[in-house]
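What follows is a set of notes on a single structure, which appears directly below.
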Amino acid sequence: MKLIFLGSGSIEFDDFTNFQSNMLLESDKGRRLLIDCGADCRYSLDKLGLTYRDIHEVLITRVGLEQSGGLIWLGMQRMFNPECKPPILHLDMNLHPYLWDHYLSAEMESIQSQVARLETFFDVRLMTDKAPFSWDRFHFTFFRHSSEKEILGVAIDDRESHILICFENELFLEYDVYEKFDIIFQSCRTRSESVLPQSHIQALAKLPDTIKSKMWLYHFDPGELPNAKDQGFLGFVSRGQEFAFLNGNIKL
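If you count by the numbering used here, then the sequence shown holds residues 40 to 291, one letter each, in order.
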């Protein structure tokens with residue numbers, strides 16, 4: 040399996056040197072799963088020579104421009120191409136009504152004089168805590184605040200590889216939990232701020248070396264970046280960077 044960063048920056052990048060931090064999982068059999076589909080997803084896919092035709096499934100972690108702003112494009116393009124089937128959309132059951140009623144319906148509800156639903160464009164698969172999500176040979180475990188619908192992070196595991204992707208600007212796990220993972224992708228702020236969030240690189244630099252030594256930073260701000268490796272991290276993820284997971288080994 041490969042994990043590809045379509046972009047590794049924040050929403051503030053506007054010059055096509057980087058894109059929103061959406062990711063693409065590619066199985067050994069060539070099946071592709073988007074982790075979030077932001078507003079510039081069509082451009083970040085194009086940089087890799089891919090189009091909407093190449094996306095089989097989408098996992099949405101929250102409702103927002105960076106995470107779900109590209110679903111209108113993806114759903115419309117595939118619907119009006121007779122050669123395409125509706126892509127599978129993996130969605131937390133608590134996000135389902137909000138995503139459609141408050142975000143997508145204004146652009147997608149009326150189509151060819153018919154009233155459409157989310158299921159008109161996607162093969163919707165709802166996730167619950169009791170019915171989580173598996174893809175290819177990997178099992179997904181989601182982390183949330185108990186009072187929130189949005190997903191803060193996801194652990195992706197098979198018997199040999201243990202991957203953690205942190206989407207939120209905070210550290211939501213105890214240190215001993217971070218220690219269990221082989222590789223960690225951490226959302227990171229880099230610009231100067233009067234009040235530093237937990238995920239600012241200056242705050243993350245205080246993590247134990249045992250955690251930083253397996254942590255990649257992404258979702259950073261535009262501008263000159265500090266030297267992450269000097270601070271004990273693996274580095275900043277580049278747009279288009281690939282990570283291959285094979286037999287417990289991680290290859291760049």
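All residues carry an ideal CB built from backbone N, CA and C; glycine is no exception. Only a predicted model underlies this, so the values are computations on that prediction, with no experimental measurement involved.
The Cβ neighbour count for Phe161, taken over all protein chains shown within 10 Å, is at least 16; the residue is labelled buried. Cβ neighbours of Ala194 within its own chain (closer than 6 Å, five residues either side excluded): Thr180, Leu203. Burial of Ser49 is indicated by the presence of at least 16 other C-beta atoms within 10 angstroms of its C-beta. For Glu146, the secondary structure class from DSSP, reduced to helix, strand or coil, is helix.
Annotation: the continuous alpha helix (DSSP H) that includes Gly114 extends over 110-118. Within the same chain, Cβ atoms closer than 6 Å to the Cβ of Ile43 are found at Leu63, Glu281, the five residues on either side in sequence being excluded.
The residue from Thr90, Pro121, Thr100 with its alpha-carbon nearest to that of Trp112 is Thr90.
Going by beta carbons, Tyr214 and Pro247 fall inside the 8 Å limit.
Check the Cα spacing between Gly69 and each of Ile289, His95, Asp75: the tightest is with His95.
DSSP links Asp196 through a beta bridge to His178, His201. The beta-bridge partner set that DSSP reports for Trp255 consists of Phe224, Gly274. Within the segment 50-130, the complete beta strand (DSSP E) segments at least 3 residues long are 62-65, 71-74, 96-99, listed from N- to C-terminus. Gln241 carries a helical assignment under DSSP once its states are collapsed to helix, strand and coil. When secondary structure is reduced to three states using DSSP, Phe206 falls in the coil class, being assigned neither helix nor strand. Taking a C-beta distance under 8 Å as the contact criterion, Leu143 and Leu110 qualify as a contact pair. Of the other Cβ atoms in all chains shown, fewer than 16 fall within 10 Å of the Cβ of Asp85; this residue is therefore exposed.
For Val102, same chain residues with a beta-carbon under 7 Å away, outside a window of 5 residues either side, are Leu134, Tyr137, Leu138, Tyr142 in chain order. Residue pairing of Glu281 in beta bridges, as defined by DSSP: Ile43.
In the DSSP assignment, Leu165 falls outside any alpha helix (DSSP H) and lies within the beta strand (DSSP E) extending over 162-166. Around Ile74, the same chain offers Met62, Leu98 as residues with beta carbons nearer than 6 Å, after the five sequence neighbours per side are excluded. Put simply, of Glu189, Glu51, Asp197, Thr167 the residue whose alpha carbon is nearest the alpha carbon of Phe177 is Asp197. In this structure, the alpha-carbon of His201 lies about 14 Å from that of Ser173. In this structure Glu51 does not touch Gly77 by the C-beta definition: roughly 13 Å separates them, more than the 8 Å allowed. For Pro136, the enclosing alpha helix (DSSP H) begins and ends at 135-138. Note on geometry: alpha-carbon atoms of Tyr217 and Ile250 lie some 7 Å from one another.
In terms of Cα proximity to Ser60, the closest of Gly46, Asp53, Gln270, Gly262 is Gly46.
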